[in-house]
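Peer 1: The structure under discussion is supplied below as structure tokens; questions concerning it will follow.
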Amino acid sequence: MNTIYKRVWAGILLSLLLGCASTSTNHQQMIDPAQRMEFDGISVLAPQAKNWSLGAIPTQKKGLVLFKKQFPESLEKPEMHTFLAGVRRADMNEKSPKNSHELLAFIKSTLASKNDVRFQTISNRSFVDENRSKALNTDCAQYELVEKESANPLFPGKVFILTTYGFQCRHPYSAGIVVDAFCTERYQENNRPASQVHKEECTAFLNDVQFTPLGTRTEGLMDNPYLDVPAWDYPQWQQTVSAARMLNMQGNNIGAEQLCDQVLHFADANTIKNIYAYADLLESQQDDRSLLVRGRANKLMELRIKQANATQSQTTWLGFVPEEILEEYATLLETQQQSAEAKSIRALGEAYRYTQEVHAIRLRIISQGGNAWGMCIGFQDYNLLD
């Protein structure tokens, strides 16, 4: 087995275990537990039981979605008893396993090399998952790992048991991607682990993981009138923002609202257009990441179409951070000696973030019974008003 397999997946698996063992995972209220979350060719449904919260969402650099079980007795911070369910992807490109035998060898090699000073392997096993492979139309293998953890810096003198079980599959729509779906629990040695009911909740989550096609060129979305805006111009955008805020201060809320709408649309549409441009550039370089990036552009465009047809305000889980994609695009442009273009794309990322702040502030004002008409300010200026 190629040693790079060990390095790639060992880093992924270890980071998950360290995250579970060493930090307190932030709780985030799930927008709609019945709504499937889709990102990068992966579709998941949150655990359908009480006291599960969203712990992490996918970003451009970390394709991970994480859910956390809140135990009634786990009120201490950081928590000593944690139970996580999650799915993440690894972009292995040409180093990815080619079949079920390579995938299984990859997992066995990774699990066998996990002993170190802090983590001691108690037991591990893995095997080809024929049923899941048939159901998902790809190569899958299950694994189980039990470890003893000592010397946790957050809990000096404490010893923990870590159990992790789940499966890994080759993504059926991209040979260079491996997906890991897992349940992992940490509890203090000599204490009782989670009940069988909680484990069944997590197992049900694993059994509902699905794979979807990654992004493809979608002319119908790219040609949508929403994207019919001038090319990105940061100074022009700044001037329009200033003009909108000035009109609002002067009491001309109608004029301010019109300009603010232009500001938000200009930055948002250019964000989508440039994510598509990034996907095109990656495709021209025969980089498989073009599928991931294009899929995210498609999803953002589909969301805007859905919002345009909605009869009331909606909050939707997007599953990625657009400005992070723009930052990656800017970095790639810099490697091609296009520093001016890279600077412009980074400014677009800042503008997109500003538009999201404006939306959040307006929603907050409206939810408190206020009038947000003509408001076009970000968090920094809004805090000055408090």
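271 is the number of the first residue of the sequence shown in the numbering used here; add one for each residue after it.
Note that CB positions come from ideal geometry on N, CA and C, so glycine has one too.
Which residue's Cα is closest to the Cα of residue 642: 649, 628, 651 and 324?
Peer 2: 628
Peer 1: Do you know whose CA, among 437, 401 and 431, lies nearest residue 389's CA?
Peer 2: 431
Peer 1: Using 10 angstroms around the beta-carbon of residue 371, count the other beta-carbons present and answer buried if the total reaches 16, otherwise exposed.
Peer 2: Per the 10 Å Cβ criterion, exposed.
Peer 1: Mind checking who residue 354 pairs with in its DSSP beta bridge?
Peer 2: According to DSSP, residue pairing for residue 354 in a beta bridge involves 338 and 454.
Peer 1: By Cβ distance, which residues of its chain are closer than 6 Å to residue 413, with the 5 residues on each side in sequence left out?
Peer 2: 377 and 396
Peer 1: Just list the residues that DSSP pairs residue 646 with in beta bridges.
Peer 2: Residue 646 pairs with nothing; no bridge assigned.
Peer 1: So is residue 610 buried or exposed if we call it buried at 16+ other beta carbons inside 10 Å?
Peer 2: The residue is exposed, with fewer than 16 neighbouring Cβ atoms inside 10 Å.
Peer 1: According to DSSP, is residue 307 part of a helix, a strand, or is it coil?
Peer 2: Assignment of residue 307 by DSSP, reduced to helix, strand and coil, places it in the strand class.
Peer 1: What would DSSP say about residue 313, mapped onto helix, strand or coil?
Peer 2: DSSP places residue 313 in strand when its eight states are reduced to three.
Peer 1: Whole angstroms are fine: how far does the CA of residue 543 sit from the CA of residue 500?
Peer 2: 11 Å
Peer 1: What number of angstroms, rounded off, separates the C-alpha of residue 434 from the C-alpha of residue 556?
Peer 2: 36 Å
Peer 1: Between residue 356 and residue 452, is the Cβ-Cβ spacing less than 8 Å?
Peer 2: yes
Peer 1: Between which two residues does the alpha helix (DSSP H) harbouring residue 554 extend?
Peer 2: 523-554
Peer 1: Is DSSP giving residue 507 helix, strand or coil here?
Peer 2: helix
Peer 1: Confirm, please, whether the CB-CB distance from residue 510 to residue 622 is below 8 Å.
Peer 2: In terms of Cβ geometry, residue 622 and residue 510 do not form a close pair [threshold 8 Å].
Peer 1: Taking Cβ positions, are residue 398 and residue 382 nearer each other than 8 Å?
Peer 2: No.
Peer 1: Measure how close the beta-carbons of residue 321 and residue 340 come, nearest whole angstrom, since I'm counting them as under 8 Å.
Peer 2: 4 Å
Peer 1: With C-beta atoms as the reference, is residue 604 less than 8 Å away from residue 617?
Peer 2: Cβ atoms of residue 604 and residue 617: not closer than 8 Å.
Peer 1: Whole angstroms is fine: what's the gap from residue 536's alpha carbon to residue 478's?
Peer 2: 39 Å
Peer 1: Out of 361, 570 and 472, state which residue places its alpha-carbon closest to the alpha-carbon of residue 323.
Peer 2: Comparing Cα positions, the closest option is 472.
Peer 1: Let's test the definition: count the other Cβ atoms within 10 Å of the Cβ of residue 575 and tell me whether it reaches 16, buried, or not, exposed.
Peer 2: exposed
Peer 1: With 8 Å as the threshold, decide whether the Cβ of residue 404 is near any Cβ in chain B.
Peer 2: You won't find chain B in this structure, because it holds only one protein chain.
Peer 1: Residue 429 to residue 421, Cα distance in whole Å?
Peer 2: 7 Å
Peer 1: Below 6 Å CB to CB, which residues in the same chain sit around residue 493 once its five sequence neighbours on both sides are set aside?
Peer 2: none
Peer 1: Could you say which of 403, 458, 312 and 448 lies nearest to residue 349 if we only look at CA atoms?
Peer 2: 458
Peer 1: Quick one: using the 10 Å Cβ neighbour count with 16 as the cut-off for buried, is residue 342 buried or exposed?
Peer 2: exposed
Peer 1: Give the DSSP-derived three-state secondary structure of residue 325 in the structure shown.
Peer 2: In this structure, residue 325 counts as strand in the three-state DSSP scheme.
Peer 1: Under a three-way DSSP split, which group does residue 292 fall into?
Peer 2: In this predicted model, residue 292 has a pLDDT of only 37, less than 50, meaning its place in the structure is not dependable; the value taken from the coordinates is given anyway. The answer is helix: DSSP assigns residue 292 an H, G or I state.
Peer 1: Return the Cβ separation of residue 393 and residue 561 in integer angstroms, given the expectation that the two are a contact with Cβ distance under 8 Å.
Peer 2: Contact doesn't hold; Cβ gap of about 38 Å is too wide.
Peer 1: Nearest by alpha-carbon distance to residue 534: which of 551, 514 and 559 is it?
Peer 2: 514
Peer 1: If we count the other Cβ atoms within 10 Å of its Cβ and call it buried at 16 or more, is residue 678 buried or exposed?
Peer 2: Residue 678 is absent from the structure shown; the chain starts at 271 and stops at 656.
Peer 1: What number of angstroms, rounded off, separates the C-alpha of residue 593 from the C-alpha of residue 358?
Peer 2: 20 Å
Peer 1: Suppose the cutoff is 6 Å on Cβ atoms and the five residues either side in sequence are ignored; what does the same chain contact list for residue 475 look like?
Peer 2: These residues qualify, in order along the chain: 317 and 355.
Peer 1: Taking just the CA atoms, how far does residue 635 sit from residue 520?
Peer 2: 19 Å
Peer 1: Spatial neighbours of residue 480 within its chain, please: C-beta separation below 6 Å, excluding the five flanking residues on both sides.
Peer 2: 313
Peer 1: The alpha helix (DSSP H) that contains residue 561, what's its start and end?
Peer 2: Going by DSSP, residue 561 is part of the alpha helix (DSSP H) stretching over 559-578.
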